[in-house]
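Q: All the letters of the sequence shown, read from the start, carry residue numbers 660 to 1014 under the working numbering. Glycine residues also receive a C-beta, built at the ideal position from the N, C-alpha and C atoms. Got a structure for you, questions after.
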Amino acid sequence: MRSKTQIQLIGESAVMAGLQQEVDRIARSDAKVLITGESGVGKEIVARSIHTRGPRATNVFAPVNCAGLPETLLESELFGHVKGSFTGAYRDKPGKLETAHNGTVFLDEIGEMTLRMQGLLLRFLETGELQKVGADNGGHHVNVRVIAATNRNLRDMISQGTFREDLFYRMNVIHLVVPPLRERREDIPALVNFFRERYAALNRSPISSVSAAAMKALVEYSWPGNVRELENVLERLIVTIQGSVIDAEHLPSEIRAQDAVALRPKRERRRTVADDLYKRMLDQRESFWSTVYPLFMEREITRANVREVVRRGLEEARGNYKIVARLFNMEPRDYKRFLNFLRKHDCQIPFKEYR
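Here's what the structure looks like:
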């Protein structure tokens, strides 16, 4: 949902009607907005809707994925840098906050920011002044509206010391909660038809309808990946099936399954720093000590990132930390060092729930 024609909050359920009214009301202001909800519910669409319905609509909307970049690159992406400030900085480059002057910056996955980056963002929100990476003098002021989103519980992160309380209150002027798809099932037919029409047109497909049996299964499914998962399923169906009707037999097995409603929502669908680190250790056989440890000690990743990597290891190892150490390519003698590191930095996760 990237182009202007796609910026739609689809659905006529009571919760979506209320959200639509909230978006219309706050779009006219410049207040900071914090959007929360599970991954895949459409938080960026809500942010874009706020932008396009307000007085800044003709100016830039600049999304920034805070989970997709290490700290040093994220700082440059937001604030810009001057020539020679780091290896590869061959010229001055403006950041998103500068290019979005008089527009809107959307900070997606703000809960993944390191504490240092949170401090830099807080300073900008308080002063409106840009400090480019490598610049000696003070920067100039810019006028941007800041909207942030997260699928994490920031209050829990504050209590754990991984998110700044002062930044939370600075951002949480207006709080919007986007409901998961399973809590607004009456909107699923409209979403199905929206994506069917969209991808049929894009792929010149003859598919023009969804059978009653297929629609029933789609409505009853719990959609752990929310709207993003629904969109992906419809796109795949449009591309792969023959004929003009999507029938129940065409649906993925997990949607056809009778117990699909009981499926629990997955924690994270969007690729994160933790995903990349975990993949490097398992697929490229890199060690925890060369992959995760230095980034954490240099504050380029957060405690939450390390805990997520450990959580994924425990799931794979069925709660056995010794197997986790092997998965993370450590020597047997490193096992105690690994546990001591996790305890010291509050990154240890109870193993029993994974057994």
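1) Leaving out the 5 sequence neighbours to the left and right, which residues in its chain are closer than 6 Å to Arg823 when beta-carbon positions are compared?
2) So, with DSSP's three-state summary, where would you put Gln1007?
3) Could you tell me which uninterrupted alpha helix (DSSP H) segments, each at least 4 residues in length, are contained entirely in the stretch 859-925, listed from first to last along the chain?
4) Does DSSP put Thr809 in a helix, in a strand, or in coil?
5) Count Cβ pairs between the stretch 954-973 and the stretch 981-995 that sit closer than 8 Å; are there 3 or more?
6) Who does Ala984 pair with in a DSSP beta bridge?
7) Please look up how many angstroms separate the CB atoms of Ile806 and Val692, rounded, as I've assumed it's under 8 Å.
8) Mark Arg735 as exposed unless 16 or more other C-beta atoms lie within 10 angstroms of its C-beta, in which case mark it buried.
9) At what residues does the alpha helix (DSSP H) containing Asp683 begin and finish?
10) Under 8 Å by Cβ, that's how I've got Arg843 and Ser672 pegged, so tell me the actual separation to the nearest angstrom.
11) Buried or exposed for Met772, going by 16 or more other Cβ atoms inside 10 Å?
12) At what residue ranges does the stretch 709-770 contain a whole run of the beta strand (DSSP E), taking only runs of 3 or more?
13) Tell me which same chain residues have a C-beta within less than 6 Å of the C-beta of Val832, skipping the five on either side of it?
14) Within 10 angstroms of its Cβ, does Ala676 collect 16 or more other Cβ (buried), or is it exposed?
15) Please classify Thr961: does DSSP put it in a helix, a strand, or coil?
16) Roughly how many angstroms separate the alpha carbons of Pro753 and Thr821, rounded to a whole number?
17) Does DSSP classify Ile847 as helix, strand or coil?
18) Buried or exposed: where does Lys995 fall if 16 or more other Cβ atoms within 10 Å of its Cβ makes it buried?
19) By how many angstroms is the C-alpha of Pro865 removed from the C-alpha of Gln1024?
20) Among residues of its own chain, excluding the 5 on either side of Arg939, which ones have a beta-carbon nearer than 6 Å to its beta-carbon?
21) Evaluate Val682 with the Cβ neighbour count: other Cβ atoms within 10 Å of its Cβ, from every protein chain shown; 16 or more gives buried, anything less gives exposed.
22) Kindly give me the distance between the Cβ atoms of Tyr725 and Leu732, rounded to whole angstroms, as I take these residues to be in contact under 8 Å.
23) Taking the alpha carbon of Ala873 as the point to measure from, which residue in Ala859, Asn885, Arg855 and Val886 has its own alpha carbon closest?
24) Look at the alpha carbon of Gly670 and the alpha carbon of Pro991, and state the distance between them as a whole number of angstroms.
25) May I ask you to report which of helix, strand or coil DSSP gives Leu693?
26) Provide the residue(s) that pair with Arg992 in DSSP beta bridges, ordered along the chain.
27) On the three-state DSSP scale, how would you describe Ile669?
28) Tell me whether Val705 sits in a helix, a strand or coil according to DSSP, three-state version.
29) Bridge partners for Leu835 per DSSP, in chain order?
A: The structure says:
1) Working through the sequence shown from its first residue, we reach residue 823 at position 164. Only Gln777 meet the Cβ criterion.
2) As a position in the sequence shown, residue 1007 is number 348, starting the count at 1. Reduced to three states, the DSSP call for Gln1007 is coil.
3) Runs of the alpha helix (DSSP H) inside the stretch 859-925: 871-879, 885-899 and 912-915.
4) Here residue 809 corresponds to residue number 150 of the sequence shown, with the count starting at 1. The answer is strand: DSSP assigns Thr809 an E or B state.
5) Verdict: yes, contact present.
6) By 1-based counting over the sequence shown, the position of residue 984 is 325. In the DSSP output, where bridge partners are listed per residue, Ala984 has none listed.
7) Your numbering for residue 806 matches position 147 in the sequence shown. Your numbering for residue 692 matches position 33 in the sequence shown. Between Val692 and Ile806 the Cβ distance is about 5 Å, and since that is below 8 Å, they are a contact.
8) Looking up residue 735 in the sequence shown gives position 76. The displayed chain sequence assigns Ser, not Arg, to residue 735. Under this definition Ser735 is a buried residue.
9) Here the question's residue 683 lines up with position 24 in the sequence shown. Asp683: member of the alpha helix (DSSP H) spanning Ala673 to Ala686, first to last residue.
10) Stepping through the sequence shown from its first residue, residue 843 is reached at position 184. Stepping through the sequence shown from its first residue, residue 672 is reached at position 13. With 8 Å as the limit, Arg843 and Ser672 qualify as a contact, their Cβ atoms being about 4 Å apart.
11) Indexing the sequence shown from 1 puts residue 772 at position 113. The residue is buried, with at least 16 neighbouring Cβ atoms inside 10 Å.
12) With a minimum length of 3 residues, the continuous beta strand (DSSP E) runs that stay inside the stretch 709-770 are 720-724 and 763-767.
13) Walking along the sequence shown from the start, residue 832 turns up at place 173. Excluding sequence positions up to five before and after Val832, its CB lies within less than 6 Å of the CB of Ala690 and Lys691, all in the same chain and listed in chain order.
14) As a first step, residue 676 is located in the sequence shown; it is residue number 17 there, counting from the start. With fewer than 16 other Cβ atoms within 10 Å, it is exposed.
15) Indexing the sequence shown from 1 puts residue 961 at position 302. Reduced to three states, the DSSP call for Thr961 is coil.
16) One-based indexing of the sequence shown puts residue 753 at position 94. One-based indexing of the sequence shown puts residue 821 at position 162. Looking at the two C-alpha atoms, the distance is approximately 29 Å.
17) Stepping through the sequence shown from its first residue, residue 847 is reached at position 188. Here Ile847 carries a helix assignment [DSSP, helix/strand/coil].
18) Stepping through the sequence shown from its first residue, residue 995 is reached at position 336. Lys995 is exposed by the Cβ-count criterion.
19) For residue 1024 there is no data in the structure shown, the boundaries of the chain being 660 and 1014.
20) Numbered from its first residue, the sequence shown carries residue 939 at position 280. Taken in chain order, the residues that qualify are Glu945 and Thr950.
21) As a first step, residue 682 must be located in the sequence shown, where it is residue number 23. By the neighbour-count rule (16 or more Cβ atoms within 10 Å), Val682 is buried.
22) Residue 725 sits at position 66 when you count from the first residue of the sequence shown. Residue 732 sits at position 73 when you count from the first residue of the sequence shown. Just to set this straight, residue 725 is Cys in the shown sequence, not Tyr. About 11 Å; that fails the 8 Å criterion.
23) Here the question's residue 873 lines up with position 214 in the sequence shown. Comparing Cα-Cα distances from Ala873 to each of Ala859, Asn885, Arg855 and Val886, the minimum goes to Arg855.
24) Against the sequence shown, residue 670 aligns to sequence position 11. Against the sequence shown, residue 991 aligns to sequence position 332. For Gly670 and Pro991, the distance between alpha carbons rounds to 55 Å.
25) Here the question's residue 693 lines up with position 34 in the sequence shown. Looking at Leu693 - three-state DSSP - the assignment turns out to be strand.
26) Translated into the one-based positions of the sequence shown, residue 992 becomes position 333. As DSSP reads the structure, Arg992 sits in no beta bridge.
27) To locate residue 669, count along the sequence shown from 1; it is residue 10. In this structure, Ile669 counts as coil in the three-state DSSP scheme.
28) As a working note, residue 705 is residue 46 in the sequence shown. Three-state result, Val705: helix.
29) Here residue 835 is taken as the residue at index 176 of the sequence shown, counted from 1. Beta bridge pairing from DSSP links Leu835 with Ile694.
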